[in-house]
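See below for the structure under consideration.
There are 2 protein chains.
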Amino acid sequence: MTTTVGKPVPRIDALDKVTGRAAYVGDLEIPGMVHGLILRSPWPHARVLSIDSTEAERLPGVLGVLTRDHLEGIDAYFGSVVRDRPIVAMDKVRYQGEPVAAVAARDLATAQEALELIRVEYEELPLVSEMEEALVPGSPALHETNLCAEQHYDWGDVEEGFAQSDRVFEDTFTFPMVYHYALEPHTSIGHYTNQGITVWSTAQHPFLVRSDLARMFGFSLHQVRIIVPYLGGGFGSKSYTKMEPLAVALSKVAGRPVRLALSVEEAFKTVRRHAARLTVKTGVKLDGTFVARECLIYLDTGAYADNGPLVAGRAGERIAGPYRWPSLKVSSSAVYTNSTPAGSFRSIGAPQAAWASESQVDIIAHDLGIDPLEIRIKNMVSRGEEVRRGQRPLEGDPATGLRLAAEAVGWDDEAAEESGRAVSSALVTGKGLGCNLSGVGSSPTSTALVRMHVDGTLTVLVGTTELGQGSRSAMAQVASEELTVPMDSVDVISSDTSIVPYDRSTGSSRSTTLMGLAVQDGAIEVKDQLLELAALHFESPVEELSIEEGQVLCRGESIGFGELIQEEFGGVAGELMGRGYVTPRSHGGRLAQSPVFWEVGISAAEVELDVETGAIRIPHYVSVADVGKAINPQQCEGQDEGAAMQGLGHTLFEEMLYEDGQLLNPNLIDYKVPTFAELPDKLETILIENGDGPGPFGSKGLGEGGIVAAGPAVANAIFRATGVRIKELPLTPERVWRALRRARGQD
Amino acid sequence: MTTTVGKPVPRIDALDKVTGRAAYVGDLEIPGMVHGLILRSPWPHARVLSIDSTEAERLPGVLGVLTRDHLEGIDAYFGSVVRDRPIVAMDKVRYQGEPVAAVAARDLATAQEALELIRVEYEELPLVSEMEEALVPGSPALHETNLCAEQHYDWGDVEEGFAQSDRVFEDTFTFPMVYHYALEPHTSIGHYTNQGITVWSTAQHPFLVRSDLARMFGFSLHQVRIIVPYLGGGFGSKSYTKMEPLAVALSKVAGRPVRLALSVEEAFKTVRRHAARLTVKTGVKLDGTFVARECLIYLDTGAYADNGPLVAGRAGERIAGPYRWPSLKVSSSAVYTNSTPAGSFRSIGAPQAAWASESQVDIIAHDLGIDPLEIRIKNMVSRGEEVRRGQRPLEGDPATGLRLAAEAVGWDDEAAEESGRAVSSALVTGKGLGCNLSGVGSSPTSTALVRMHVDGTLTVLVGTTELGQGSRSAMAQVASEELTVPMDSVDVISSDTSIVPYDRSTGSSRSTTLMGLAVQDGAIEVKDQLLELAALHFESPVEELSIEEGQVLCRGESIGFGELIQEEFGGVAGELMGRGYVTPRSHGGRLAQSPVFWEVGISAAEVELDVETGAIRIPHYVSVADVGKAINPQQCEGQDEGAAMQGLGHTLFEEMLYEDGQLLNPNLIDYKVPTFAELPDKLETILIENGDGPGPFGSKGLGEGGIVAAGPAVANAIFRATGVRIKELPLTPERVWRALRRARGQD
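Chains as they are written, first to last, in the working numbering: chain P, 1 to 747; chain S, 1001 to 1747.
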């Protein structure tokens, strides 16, 4: 009997946000705070011969200048996998826009003036802009080698598999370099003192930032405090450590709290998604049975590793899709180039992998004359089946999800009518599918604290960063449900490492599942204490008690939660605390096996293409999310729709463009993101709720799946509309138009 | 084997404070914050006929004006015992300086200009300035009656006691109206939204402020957040609710966070200590045995009740002193007058009671020819004896403490040499004693949370307000000791009602005892979890494990706390939480009986008096504090010395002076507080440590006792130097000089 879980209750931060009173990092004023600006490299690759900051330091109003010469006592390097990124450039710069120095001044105008007084001598080095060149032996190297990481992933004998196959397909696909474009650029206020560090920052993983800063600046964990107020979107761009070390190091030099608020252009030069080149070789039987797959993946990780090695690994895993593979062999590499470092971005590695894998599935289906839906279903793993060797068996049912998506766009109709139906002289339409399966949840390490006040209302403390996804509301619903108190009796405090208990990170679709479970556990511990107090009150064994609507019931009598607390503390005083621990060993060890759960990404698109211009319109787009149980269906839809839109962004027009190592379009004019004008006429999310998730009330996370299969769904639809296969994203009108011309032999 | 408890470890906030980076409420900038100023009544007693704020509201830059006409939807009254104090004046004003209206504006200059545009029409009412007049039937009344509260306290039959006495003494003493003079005046930033309230405030009891604001503004507890950053002294002036409702109501009108920072003059018009008039009648045997005491106490509580009724009750209890009374009868009343409301002030009611009680003890001793030390010891309650009927028996040993104090000032020498020794023609010296016993601790309702991070360091969350007393350091020591980790591995976060668990209040010498116990309990719960994890690690029963220096030991092997957490969470992740609950039922119910413990106030003074000028110098002053166990001896001494100095303030020169209802001296020029120049030449604190306190490691609180007996100790010394008994405080040179003249028949 759920009362709030499963209901589209309003977000608890809705009013703060629509009234504009929600304070983001950039809105904060810290006592004594001064303003920081960064001097960035104009060169994509150069040796830094000298830096002279004396004039800048002398400028009145300047509190400090940070260069490589001011890093004494600081471990200057960070990185979530490889610690290769310096706070400011050391011996050389590796991409255009890399921080070389920073100034803290009483105001931004003074800081700007000071920046202009810093003299830097560079010696230009050869540019490494393409992965292909980067890997040629003897080519110029950004680091010791340009191969940042190489991940291998295989089982079975692919050579034998190919030998046993009736047909073998090999295709190469490319995926563009894209930017997250969260509305709020990276902003950090660093405050260094010799007793510790406080940082207000746009951080998705505040506890990991805490660890990094503790290590870099020589503090223990309790001396480092990361506070994340409202956050205007992350999508991975604010995962791990980004600008925080620079803000802190600058504060150390300035002796004051320093605010570092990046512009959009600077945020473009902070992190992006990996561009990719994927070669997929697949062996199949004539009946469509998949036999073997071999892939070679190169991911452009830019100037520094960031999360590149992990992204390479995930892309390698995710290239398998939701299919059975008797044999599989993947090599996935992250390659350094002189460009903005690439890191995590919503469903790391998966859109790249799905772009290649799912495009090729349609190539195969077409070649074999099998319906694209049927070839997928035929090879799809089903509930309880091992998805990846040694990993958790599948808890969901992606086949049903894919059928639902296909049905929603009228797949059978199309199949019946044949594809490539011309709407008018210039317009053709087609339908396409895409799907993927990603092991998500990162590690099962979340903790929560649930506090019940003496009036029976709750404050829940969680380390999940509320970055717009609605986590505070979802956590409130879980606590509300478990303790039978109304939603408006619950507040959720999030992401301040000194006051909320540990959480690994906010990402990998993990929060509702893992933090939700921790909140539920905390609520249960509160409930247990209430029952203990009620047992004293009623002089009754706990077994005879139950709770309902904020009361403990016993043999027809009842007492409110608040009254029980008052009885214990003697007056209108006191509170109860409940702890939630989610660890590999907790919950009977059922979270120990990786991944925490499998997230589907299922898309079906109906596309209308103007063959004269190459312009694409999407009359109908369907995304399916398997959420186990929707804690808040409206928020689930919002998350999935957002992911779908972001997927359509990189599918249709998003691409960071470099020329001679210079980023050409770091702004909203030249870098196009989806607006309402580009929305599908009908954008639909279908939620699957089988109660089979490991989270509270059978839930599992979502938010990433929706982005994954947009590219292949649209490209597959274009193929079915035109017979033309495009293997590069984005599908800009020009690229589509050129492809059509080429196909018609006009080029 | 203690490692940090009992050591004078440095305060954990020392560096923040000496470097000036500690941020107090007044240092904060809240996004969107505007500035508030208060229009105060020029009249001590008047009907408010009309208020016209239209012109002020129209002034550009004004965001809102608050008057009685803008209180819709707000319960406008508050008060810790009687809810008689309005946010702003309603029908009438009851003291000069009472808030009548308030303005929120973009800056203080605009706010000031707006204040001057508010037109208020008053009709003056008859002034009630003296308690005697106030209680005359038919006299003008501030409220329905001028008798705010009347407390009775008695046992035995005093009439029979007096009949059985050899001698009966009756004396009347007066105690002045004094101000706390914390260095930081009251400052509050109120932020009202329709979803809740956030207040940054100088609050000793943030959880009680939370309750008041929730009630007044119609919210639940989880919607009200009170944050107390560094606080510059309280001494009771910031206990309960003071300016917070006004700041919040003004924010509601202005639609913005509003900062309300009082001037010192305004703080003088916010709260003060009760002036008192005490008539004490005591019956004794010729051998000095106390037989019966009857007292009539009047306390001037000013315009509103504040904590007056409780102060009256405590003064009534404390007039008994640390003595056995076969019969006792006390009537103690709080009386309204047209002056600043009086509330809690360090050891409520006790300095007033001790002034009367202990002065009279010396009168009796002198009359009976008994040594003042001996008559006290003779009648003093001893360990295990019931101090007040029905209350907790005495856990301490005040007689030993008093002997130590007397010995320290060379009491025996004086007894031998006789008192009143002339030093020179004009200078005479004498020694005096004073002592008292106060039941303290308020109620045993404190909770705490101890978080152990994955590197084994700790963050302790407590609701104790750090107001300069060093509570954060003491709590850190308790946690450090209990968990065998070094002091610099512990941080303490205090006083933010949304993030730290409940505590009743910071006052009544309760924090080290009760919150200290809660912290210890929290640390023990962490320890239990560590042992549980270690039992898994070592595959050993918990009984075979022990902890030492941040490690769990087992049969010669050891593992660090952090490693155990890492093992549980699988990586450098996670944390452990331990809860501490102190309730009447906790700890086997041993805290349930009132008071939590008995705090001694023992003083001995050697005084040098210039008989020509009445000027007093104090060559040697000794205060004794029974702390059970000094968690931090240096901080204990600091607390006790501060209390002694504050006691010498009201003893020697502090007094708020009114004329025609106008406060004459609300500033540091005209209201003298002790400076280094007035310090005793030798100011000494003796700590008694018998390990008999109910707090952690046998500790009990201090900080109030030192203020209590300063007045009688000095006055008794003057008597012994001169034979002149002065029954009014403060002992200004003029008053002493006049008393000497009167005694010599010169007046």
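Think of the CB as a built atom: it goes at the ideal place given N, C-alpha and C, for glycine as much as any other residue.
Taking DSSP's pairing of strands, which residues face residue i in a bridge?
| i | result |
| --- | --- |
| residue 1515 of chain S | Beta-bridge pairing links residue 1515 of chain S to no other residue. |
| residue 1645 of chain S | DSSP, once it has assigned bridges, lists no residue as partnering residue 1645 of chain S. |
| residue 676 of chain P | Residue 676 of chain P pairs with nothing; no bridge assigned. |
| residue 200 of chain P | P:189, P:227 |
| residue 1281 of chain S | S:1170, S:1294 |
| residue 577 of chain P | P:451 |
| residue 1634 of chain S | Paired residue(s): none; residue 1634 of chain S is not in a bridge. |
| residue 175 of chain P | P:276 |
| residue 393 of chain P | P:386 |
If you draw a straight line from the alpha carbon of residue i to that of residue j, how long is it in whole angstroms?
| i | j | result |
| --- | --- | --- |
| residue 1494 of chain S | residue 219 of chain P | 21 Å |
| residue 1004 of chain S | residue 1486 of chain S | 8 Å |
| residue 1702 of chain S | residue 24 of chain P | 43 Å |
| residue 510 of chain P | residue 1464 of chain S | 35 Å |
| residue 1483 of chain S | residue 1546 of chain S | 11 Å |
| residue 501 of chain P | residue 1452 of chain S | 10 Å |
| residue 1416 of chain S | residue 1357 of chain S | Note that residue 1416 of chain S scores 49 on pLDDT, short of 50, meaning its location in the model is unreliable and no value can be drawn from it. |
| residue 265 of chain P | residue 27 of chain P | 20 Å |
| residue 189 of chain P | residue 258 of chain P | 5 Å |
| residue 1354 of chain S | residue 1171 of chain S | 13 Å |
Within 10 angstroms of its Cβ, does residue i collect 16 or more other Cβ (buried), or is it exposed?
| i | result |
| --- | --- |
| residue 1109 of chain S | exposed |
| residue 1152 of chain S | exposed |
| residue 1017 of chain S | exposed |
| residue 552 of chain P | buried |
| residue 599 of chain P | buried |
| residue 285 of chain P | exposed |
| residue 752 of chain P | Outside the displayed range of chain P (1 to 747) lies residue 752 of chain P, so it cannot be described from this structure. |
Less than 7 Å between the C-beta atoms of residue i and residue j, yes or no?
| i | j | result |
| --- | --- | --- |
| residue 1514 of chain S | residue 1234 of chain S | no |
| residue 666 of chain P | residue 175 of chain P | no |
| residue 1118 of chain S | residue 1039 of chain S | yes |
| residue 448 of chain P | residue 518 of chain P | yes |
| residue 835 of chain P | residue 236 of chain P | Residue 835 of chain P lies beyond the stretch modelled for chain P, which goes from 1 to 747, so this question has no answer here. |
| residue 1406 of chain S | residue 1368 of chain S | no |
| residue 329 of chain P | residue 496 of chain P | no |
| residue 114 of chain P | residue 103 of chain P | yes |
| residue 41 of chain P | residue 93 of chain P | yes |
| residue 1194 of chain S | residue 1336 of chain S | no |
| residue 347 of chain P | residue 12 of chain P | no |
| residue 1148 of chain S | residue 1301 of chain S | yes |
| residue 1207 of chain S | residue 1074 of chain S | no |
| residue 752 of chain P | residue 707 of chain P | Any property of residue 752 of chain P remains undetermined from this structure, which presents chain P solely from 1 to 747. |
| residue 96 of chain P | residue 661 of chain P | yes |
task = Could you say if the region 1233 to 1245 of chain S and the region 1156 to 1165 of chain S meet the contact criterion of at least three C-beta pairs nearer than 8 Å?
result = At 8 Å Cβ cutoff, the stretches do not touch.
inquiry  = Does the region 1127 to 1134 of chain S come into contact with the region 1068 to 1078 of chain S, if we say contact requires no fewer than three beta-carbon pairs (one atom in each stretch) closer than 8 Å?
reply    = Two segments are said to touch when three or more pairs of C-beta atoms, one from each, lie closer than 8 Å; by this definition the region 1127 to 1134 of chain S does not touch the region 1068 to 1078 of chain S.
task = Assess, as a yes-or-no matter, whether the region 1682 to 1698 of chain S is touched by the region 1321 to 1335 of chain S under the definition of 3 or more beta carbon pairs within less than 8 Å.
result = Cβ pair count under 8 Å is below three, so no.
At least three beta-carbon pairs within less than 8 Å, the region 1467 to 1482 of chain S to the region 1207 to 1216 of chain S = No contact exists between the region 1467 to 1482 of chain S and the region 1207 to 1216 of chain S.
message = With a threshold of 8 Å, are at least 3 pairs of Cβ atoms found where one atom belongs to the region 1640 to 1653 of chain S and the other to the region 1729 to 1740 of chain S?
response = Enough Cβ pairs lie closer than 8 Å, so yes.
ask   = Looking at C-beta atoms only, is the number of pairs between the region 1583 to 1592 of chain S and the region 1561 to 1575 of chain S that lie closer than 8 Å three or more?
value = Note that the region 1583 to 1592 of chain S does not touch the region 1561 to 1575 of chain S; fewer than 3 beta-carbon pairs, one per stretch, sit closer than 8 Å.
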